[in-house]
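J.: Let me begin by handing over the structure; questions about it come next.
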Amino acid sequence: MQARPDRIACPMLSLSCSSTPMPMRRKRTHPPRRWPRILLGLFLAILLLATVGSRESSLSRILTLEGVGVGQRLFHWMGEAAAGVWDRYIALVRVREENKRLRAEIDRLRQELAANREAANTALLLRRLLQFRETIQPPPITATVIGRDPSLFSATMIVDRGATDDVFLGMPAVTAEGVVGQVVEVAPRVAKVLLATDPNSAIDVLDQRSRVQGILKGNGQNYIMEYVLKGTDVQKDDIIVTSGMNGLFPKGLVLGVVSKVIQGQRGMFQQIFVRPAVDFHQLEAVLLIPTERLFPE
Amino acid sequence: MLFCVFIILAYVVLVLQTTLVPLLPPWAGRPDLPLVLLVHAAIRLPTATGLAVTLLVAIGVDILAGVHTGPAALAYLALFAILRSASGPLALAPHQPMLAGLGTLLVNLAIYLGSAILTPGDTPVWAWRQVLLGALTTGVCALPLTMLFDDCAAWIRRRQRLKRQSAT
Chain H
704 MQARPDRIAC
714 PMLSLSCSST
724 PMPMRRKRTH
734 PPRRWPRILL
744 GLFLAILLLA
754 TVGSRESSLS
764 RILTLEGVGV
774 GQRLFHWMGE
784 AAAGVWDRYI
794 ALVRVREENK
804 RLRAEIDRLR
814 QELAANREAA
824 NTALLLRRLL
834 QFRETIQPPP
844 ITATVIGRDP
854 SLFSATMIVD
864 RGATDDVFLG
874 MPAVTAEGVV
884 GQVVEVAPRV
894 AKVLLATDPN
904 SAIDVLDQRS
914 RVQGILKGNG
924 QNYIMEYVLK
934 GTDVQKDDII
944 VTSGMNGLFP
954 KGLVLGVVSK
964 VIQGQRGMFQ
974 QIFVRPAVDF
984 HQLEAVLLIP
994 TERLFPE
Chain X
1185 MLFCVFIILA
1195 YVVLVLQTTL
1205 VPLLPPWAGR
1215 PDLPLVLLVH
1225 AAIRLPTATG
1235 LAVTLLVAIG
1245 VDILAGVHTG
1255 PAALAYLALF
1265 AILRSASGPL
1275 ALAPHQPMLA
1285 GLGTLLVNLA
1295 IYLGSAILTP
1305 GDTPVWAWRQ
1315 VLLGALTTGV
1325 CALPLTMLFD
1335 DCAAWIRRRQ
1345 RLKRQSAT
């Protein structure tokens, strides 16, 4: 065993920090109880092995989604509350003493304006969602985004509606701007939505102008329309909509606009790049459309 | 006690990673906070506690990320095994930010390769800029987090020592 100093100078952090995981241990009078931790470790390892490669909603997945969902709800609520505190009070701290009253007045008016703008934007967003909602039959379920994907290579999000709100696997998630994705996992009070920009997403689409069909796949940030033969009529700025062919998405929902078409030298198909209609970074609420149940629960 | 506190920390880190971190602007990168905890668990905690914390974080990240389970959890466990086997010379606190940054690169590479093997037609795009920025910001975030984790562990051990002394 290598002897380690108890505390060392830590130049990177400019302070001293503990160098060992355990200080010099005294002799124990009784053997340490490691069995519970080892058993828990074994249990978790078995749980992990059981979930590898699985896409089914097992108990462990539901428990994790539900458990983390509670924290995400709490954090979402705290974030909104903190933003409110920031807008109302903390912005006033920097006001100078000599024109305190005037600046406070300006700040108050500015805050009111910002709050009114925020309220107007929210109202606009909700009105558009409501107008869009009224066009869909049966009425969709409104869900708030409470969490997002922790990985660099996948695009999913967690919404605050689950099986108790009649959310089921495969439900399309949309906004007034266009398609967001589809539900891939459902827990009692939360659900996971696979965004259309995820590499695992594939949606049957058509060009709204020329009616040319293809498969729209995600590449992380944008879409690529695949399996469109060379010579078919797809042009820049064409709008791409769902074809309704697979029965999952209703026909005619907007996905994006063609940003680039490449007719390569090799291969049978064109390379078509599509810019998403939805700004996935700004998503706050989505509508879950109760279509036909295509997947068993 | 140490175990319970680090399980709570793992939960908090998972919630932060799925709520606060995605709100950061793209130019700020995307730090991998669970990985910072994993590095700490691998080189600073006792084996049983470290492994339990790592397994919980790995399962959590795996279920919350993407649609395929497996690659993220296995990558996290492999990193734990590598760090644990080399933890003798690496057990110093100043090494943790560098290890967290390097670990982010390795884990992302492993997840990318795992996804490419599991779903050859749906391979994600490897973006060097995002990956390197993520590694850098993970290293930067590891500085305060490492201090927090160390202070937590030190406080718990102090309490345990005092309890033992008062018992004797």
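Which chain is which? The protein sequence lines are H and X, in order. Residues in the first sequence are numbered from 704 upward in steps of one, following the numbering used here. Residues in the second sequence are numbered from 1185 upward in steps of one, following the numbering used here. Built from N, CA and C at the ideal position, the CB exists for glycine as well.
Helix, strand or coil: how does DSSP classify Asp1334/X here?
T.: Residue state, collapsed to three classes: helix.
J.: Among Met1185/X, His1224/X, Trp1211/X, which one has its Cα closest to the Cα of Asp1334/X?
T.: It is His1224/X.
J.: For Gly774/H, return the contacting residues in chain X, with the cut-off set at a CB-CB distance below 7 Å.
T.: Within chain X, the residues near Gly774/H are Tyr1195, Val1199.
J.: Applying a beta-carbon distance threshold of less than 8 Å, which residues of chain H neighbour Arg1214/X?
T.: Leu855, listed in chain order.
J.: Expressed to the nearest angstrom, what Euclidean distance is found between the alpha-carbon atoms of Ala1256/X and Arg851/H?
T.: Rounded to whole angstroms, Ala1256/X to Arg851/H spans 16 Å at the Cα level.
J.: Taking buried to mean at least 16 other C-beta atoms within 10 Å of its own C-beta, is Asp863/H buried or exposed?
T.: Classification of Asp863/H: buried, given that the 10 Å Cβ count is 16 or more.
J.: By a C-beta neighbour count over all protein chains shown, 10 Å radius and 16 as the cutoff for buried, is Cys1188/X buried or exposed?
T.: Exposed is the call here.
J.: Under 7 Å between beta-carbons, which chain X residues line up against Pro875/H? List them in chain order, please.
T.: Under the 7 Å cutoff, chain X gives no residues; its nearest Cβ is about 16 Å from Pro875/H.
J.: Quick check on Arg804/H: buried or exposed, where buried means 16 or more other Cβ atoms within 10 Å of its Cβ?
T.: Under this definition Arg804/H is an exposed residue.
J.: CA-CA distance, Glu808/H and Glu821/H?
T.: Answer to the nearest angstrom: the Cα atoms are 19 Å apart.
J.: Run through the DSSP bridge pairs and tell me what Tyr1004/H is partnered with.
T.: Shown here, chain H extends from 704 to 1000; a query on residue 1004/H therefore has no answer.
J.: Which residue from Leu1186/X, Pro1281/X, Gly1298/X puts its Cα closest to that of Ala1326/X?
T.: Nearest option by C-alpha distance: Pro1281/X.
J.: Can you list, in chain order, the residues of its chain whose CB lies under 6 Å from that of Glu769/H, leaving out five sequence neighbours each side?
T.: Same-chain partners within the cutoff: Ala890.
J.: Is the region 1208 to 1224 of chain X close to the region 1285 to 1298 of chain X, with three or more CB pairs under 8 Å?
T.: Touching, per the Cβ criterion.
J.: Apply the 10 Å Cβ neighbour rule to Leu1346/X and answer buried if 16 or more other Cβ atoms are within range, or exposed otherwise.
T.: Burial call: exposed.
J.: Can you give the beta carbon distance from Met874/H to Pro993/H, rounded, assuming they're within the 8 Å contact cut?
T.: That pair is a contact at about 6 Å.
J.: Just to confirm, is the Cβ distance from Leu742/H to Ala846/H under 8 Å?
T.: Not closer than 8 Å, so no.
J.: Report the partner residues of Gln885/H according to the DSSP bridge assignment.
T.: Paired residue(s): Pro875/H, Leu897/H.
J.: Out of curiosity, what's the CA-to-CA distance linking Ala1337/X and Ile1247/X?
T.: For Ala1337/X and Ile1247/X, the distance between alpha carbons rounds to 28 Å.
J.: Going by other Cβ atoms of all chains shown within 10 Å of its Cβ, with 16 needed for buried, is Met928/H buried or exposed?
T.: Result: buried.
J.: Using a C-beta cutoff of 8 Å, does Phe983/H count as contacting chain X?
T.: Closer than 8 Å: no.
J.: Are any of the Cβ atoms in chain X nearer than 8 Å to that of Pro724/H?
T.: Model confidence at Pro724/H stands at a pLDDT of 49, short of 50, so the residue's coordinates are unreliable; what they give is reported in the following sentence. Output row for Pro724/H: interface = yes.
J.: Name the residue from Thr900/H, Gly782/H, Met971/H whose alpha carbon lies nearest to the alpha carbon of Tyr930/H.
T.: The option with the nearest alpha carbon to Tyr930/H is Met971/H.
J.: Whose C-alpha, out of Leu1222/X, Leu1261/X, Arg1268/X, is nearest the C-alpha of Val1197/X?
T.: The shortest C-alpha separation from Val1197/X is found at Leu1222/X.
J.: Using a cut-off of 8 Å between C-beta atoms, extract the partners of Val903/H located in chain X.
T.: A small fix is needed here, since residue 903/H is Asn in this sequence, not Val. Going along chain X in sequence order, the residues near Asn903/H (Cβ under 8 Å) are Gly1250, Val1251, His1252, Thr1303, Asp1306.
J.: Report back the beta-carbon spacing between Ile975/H and Val937/H to the nearest angstrom; my notes put them in contact at under 8 Å.
T.: Going by Cβ atoms, the distance from Ile975/H to Val937/H rounds to 6 Å, so yes, they are a contact pair.
J.: Going by CA-CA distance only, name the one from Gly865/H, Val883/H, Asp810/H that's closest to Gln924/H.
T.: It is Val883/H whose Cα lies nearest to the Cα of Gln924/H.
J.: Using 8 Å as the limit for Cβ to Cβ distance, is Leu750/H near chain X?
T.: So, interface residue.
J.: Is the Cβ-Cβ distance between Leu855/H and Gln1349/X less than 8 Å?
T.: No, Cβ-Cβ distance for Leu855/H and Gln1349/X is not below 8 Å.
J.: Can you say whether Ser1269/X is buried or exposed, counting buried as having 16 or more other CB atoms within 10 angstroms of its CB?
T.: Burial call: exposed.
J.: Name the two residues that bound the continuous beta strand (DSSP E) containing Asp907/H.
T.: It spans 905 to 910 - the beta strand (DSSP E) in which Asp907/H sits, taken as one unbroken run.
J.: Assuming Val1199/X and Phe778/H make a contact with CB atoms under 8 Å, what is their CB distance in whole Å?
T.: So it is a contact: roughly 6 Å between Cβ atoms.
J.: Nearest chain X C-beta to Arg851/H closer than 8 Å, yes or no?
T.: At least one chain X Cβ lies under 8 Å of Arg851/H.
J.: To which residues of the same chain is Met1185/X closer than 8 Å at the C-beta, ignoring the five residues directly before and after it?
T.: Once the five neighbours on either side are set aside, the close Cβ partners of Met1185/X are Ile1340, Arg1343, Gln1344.
J.: Measure the Cβ-Cβ separation of Val896/H and Ala988/H and say whether it is below 8 Å.
T.: For Val896/H and Ala988/H, no; Cβs fall outside 8 Å.
J.: What's the C-alpha gap between Asn903/H and Gly955/H?
T.: Roughly 22 Å between the two C-alpha positions.
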